[in-house]
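Okay, structure first, notes after.
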Amino acid sequence: VFPETSLRVTGVDFLKSQNTQQHHTDGYNIKSLVVRRGQPFQVQLSLSRELRAADKLSLRFGIGENPMKNRGSLLSLKPEREDFNGWKISVVERNGKECLLSVTSSPNAPVGKYNLYVKTGSNTYKPENGVIYLLFNPWCEDDVVYMANEAEKEEYVLNDTGYIYVGSAYSIYDRPWNFGQFEEFVLDACMYLLDKSKLSLAQRRDPAHVSRAMSALVNANDDSGVLLGNWSGNYISGTSPMDWIGSVTILQNYYKTKKPVRYGQCWVFAGVLNTVMRCLGVPCRCVSTFDAAHDTEENLRVDVYLNEKGEKLNSLSLDSVWNFHVWNDAWMKRTDIPNGFSGWQAIDSTPQEQSQGRFQCGPCPVKAVREGDVYLPYDAKFVYAEVNADRVYWIVKKVNGKDKYFKVGTETQAIGKNISTKAVGQNRREDITREYKYPEGSKEERMSMQRAYSFIRPSGLTPRSGYASTVQTLGGNTQPLVPKEPVTKTGLDLEISNTEPLHPGNPLELAITVRIAAPGTWTVDLTGSSQLQYYTGQVQANLGTIKETISLEGPSEMQIPLKVPPDAYMKTLSSVEDEVLILVTAIAEVKETNDKLTKETSMRFQYPPITVQMPETAKLYNDFNCAFIFKNTLNVPLENCKLLVEGLGIFKMTTFELGDIMPGRIMKSEIICTPTRLGDKKIVAKLISNQIKGISTEKGIYITE
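Take the sequence shown: its letter number 315 is residue 315 in UniProt numbering, and every next letter is one higher.
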């Protein structure tokens, strides 16, 4: 054989635009080819001469540092041969010195970055930029992340914006969030996390292992992952968790520095984990639970301690009830557990409790939570408790110089309310509580609860062991509490509300309504308190209490006002870095029957809006003007105002320093925008000041050719 007849490759065309369109990966802002597993893609080879029957040609795909065939990290594919590890290639057409090949990866191939080179006889050709990113494929029926519904894939895989629901059960609001899974360096950051996870190749095939590893790596605890959690109220050495409006800046900074980004709280962790999972091709959604229990003892009970004025005490509780907590659901078929538990799996990257020695949580089948099958991996007991624990109220009284604890109420339906996510294809909240729980009081709920209790073993109704010596004995009753609200003899009921809008700088006009259903004359002792608290349940300030004895002719109701003057709370509001909520706790006791009832409600302040002015449509690469307008309608100045804005595919995250905005003042900021991508795009804006943290808005624009 003369050397000049030996076959050489002179070029490889990855046919990027055609492949990425077919693979729904055309959004990724990256030079290399990105494709999904289990689906064919094409590459065009340019050869030194025509391909002949006797020629030996193979494509080699290597993954990792040192690819080897016997480890499965090096695949050598020859056209029309039996497949190799589920991969195959075929010749689509030959045209002179050009040869078009089709490559189909296995639907359970390890996800990650592959290097491609071509071998012809003894010649090896390494293409320039020969890296191929291989992702999970929800469009492929044989992939365990397969999702049949097109609109759901559009939302849970391809939508790069959305909302995270926060606030309190009494006043839920949506926080716009830019997931930005297609932005520059985001895919590379995810690949870096995959490498950092030290998952084996076999584990990289399985979204259950990948999602568990990502839940650990999105927090910085024990692996210098993406985000450092901080709930201290002091964020001077980083970015306050309230100041983020999306995941992009966080993941880009992390990828650049390889050091944890400061700081996150639960919605930031969930926003970033959502970006990472969507970016890797696993359908994922952010899930917010209101009044979520953080039950450290796995006894399905959270104790709340009040002083005699009815004010909540921070110091005694290790358990807590968060006004809201955000985690994620990832979609997959679970191959590691019995059938019937596929579909949504809860994963949580907020560092709350260690699982198998690391701060990671999930994947926990949402169906296992609903059915009470809490023995299933992973972390089902913890997730079950987050949405199903009981809340027990204790009053701490000094008796002969010692603290004694008196139980003043049990709520069995207060935890795990209004479980929320963004609706598919619509900008509204969808309530998915039914996916996590059967209706309260239903036969299925009781059966599920009994099943869960058979695995969890709740302790008897005494406060935490540390205080056991001072407790009035309540008997070692280990029966689960009856899953019904405590029925009082008089039909006593409490409702807490606000009678005027809760604007910072105004008096807070709150009210407690006492209702009695039974006929007769009743005397009710009412204790009410109002406090400011973080969303984690940490009390920041006491705002005032009332104690009244009222007489009611049943059946009837009476509204007792609880008014807080501005100077009781404005100082705290201006000095904390986090958004705070107004907590109202009410304790009622009917003298004649000894009926007791405790109720609490958290409310958020109400803020003036930001208005965004811009056209409804714009042309690709044509500038348009966007204006943000804010009027301070409050009667207090807003100090050190900052406006944060970001538009994916339009402009990068930008901050306007606005100084102080006096009452009645109107502020206007403008930005010139150049759209770089087609389709529906969104601009997100957020205003932050010393007094107010939570004003955000968004506006959509359609970009045409």
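Beta carbons are placed, not taken as given, at the ideal position from N, Cα and C, and that holds for glycine. In this text, all values refer to a predicted model and were calculated from it rather than measured experimentally.
Buried versus exposed call for residue i [16 or more other C-beta atoms within 10 Å across all chains shown]
i    : result
D595 : buried
L474 : Confidence is the limiting factor: at L474 the pLDDT is only 32, short of 50, which leaves the residue's position unreliable and the question unanswerable from this model.
Y146 : buried
Y535 : buried
M449 : buried
V399 : exposed
Y165 : buried
E698 : buried
L620 : exposed
L526 : buried
R278 : buried
N632 : buried
Y254 : buried
Span separating the alpha-carbon of residue i from that of residue j
i    : j    : result
A293 : I496 : 21 Å
C190 : Q345 : 20 Å
Q559 : K422 : 36 Å
M68  : L75  : 8 Å
N498 : K309 : 20 Å
H503 : R358 : 42 Å
S420 : P439 : 16 Å
N274 : K97  : 45 Å
S224 : T10  : 43 Å
Y467 : L313 : Since pLDDT at Y467 reaches only 32, below the 50 mark, its modelled position is unreliable, and no value is offered.
L678 : Q360 : 37 Å
L7   : T120 : 6 Å
Y193 : T335 : According to the sequence displayed, residue 193 carries Leu and not Tyr. Rounded to the nearest angstrom, the two C-alpha atoms are 23 Å apart.
T704 : S669 : 25 Å
L158 : N427 : 15 Å
I695 : R604 : 12 Å
T611 : Q265 : 27 Å
P365 : A380 : 8 Å
V276 : A148 : 21 Å
T470 : K402 : Caution applies to T470, whose pLDDT of 31 falls short of 50 and renders its modelled position unreliable; the value that the coordinates give is listed next. Taking the straight line from one Cα to the other gives about 8 Å.
L251 : S73  : 27 Å
Q354 : S168 : 26 Å
R515 : T433 : 28 Å
Residue of the options minimising C-alpha distance to residue i
i           : options                   : result
A213        : F324, G401 and K198       : K198
E435        : K333, E600, T410 and V287 : V287
T598        : V408, W177 and F341       : V408
K88         : L187, L101 and P561       : L101
E128        : V35, L638 and K31         : K31
residue 733 : L648, L634 and L643       : Any property of residue 733 remains undetermined from this structure, which presents the chain solely from 1 to 705.
K489        : G180, A452, K437 and P555 : P555
G362        : P507, A208 and K443       : A208
N230        : G238, S224 and D223       : G238
K404        : Q18, N307, Y384 and N66   : N307
L494        : T513, M614 and G505       : T513
G528        : R515, K563 and E557       : K563
W322        : R429, E548 and I415       : I415
K591        : S530, T523 and P561       : T523
M447        : R370, L508 and G246       : R370
E155        : F179, I672 and L648       : F179
W244        : K642, R71 and I582        : K642
S171        : L376, Q606, I587 and L45  : Q606
G64         : S58, P110, V272 and S106  : P110
D623        : I671, D160 and N108       : I671
Endpoints, the alpha helix (DSSP H) within which residue i is located
i    : result
M603 : No alpha helix (DSSP H) contains M603, which is instead part of the beta strand (DSSP E) from K596 to R604.
M570 : M570 to S575
K699 : Run containing K699: none in the alpha helix (DSSP H); it sits in the beta strand (DSSP E), I695 to T704.
Residue i, enclosing beta strand (DSSP E) - first and last residue
i    : result
N95  : K88 to N95
S168 : T161 to S168
K113 : G112 to T120
E589 : L581 to V590
Q18  : Not the beta strand (DSSP E): Q18 falls in the alpha helix (DSSP H), residues K16 to Q22.
A541 : V539 to V564
E98  : E98 to T104
C-beta neighbour in chain C for residue i, strict 8 Å
i    : result
P107 : Any reference to chain C falls outside this structure, which holds one protein chain only.
Enumerate, from N- to C-terminal direction, the unbroken beta strand (DSSP E) stretches of 3 or more residues contained entirely within the UniProt domain "Transglutaminase-like" (258 to 351). 261 to 264, 284 to 294, 301 to 306, 320 to 332 and 343 to 347
Run through the segment 616 to 688 for me and flag every whole beta strand (DSSP E) of 3 or more residues, listed as ranges in chain order. 617 to 619, 624 to 631, 638 to 647, 651 to 661, 666 to 673 and 679 to 688
Quick check on the DSSP output: what are the complete beta strand (DSSP E) runs of length 3 or more inside the segment 493 to 537, in order along the chain? Segments of the beta strand (DSSP E) lying fully in the segment 493 to 537: 493 to 498 and 508 to 533.
Counting only runs that start and end within the segment 364 to 396, where is the alpha helix (DSSP H) found for 4 or more residues in a row? 366 to 371 and 380 to 388
Within the segment 181 to 256, note down every full alpha helix (DSSP H) run reaching 4 residues or more, in order along the chain. 186 to 196 and 207 to 217
My parser needs the beta strand (DSSP E) runs of 3 or more residues fully inside the segment 410 to 455; what are they? 417 to 422 and 429 to 431
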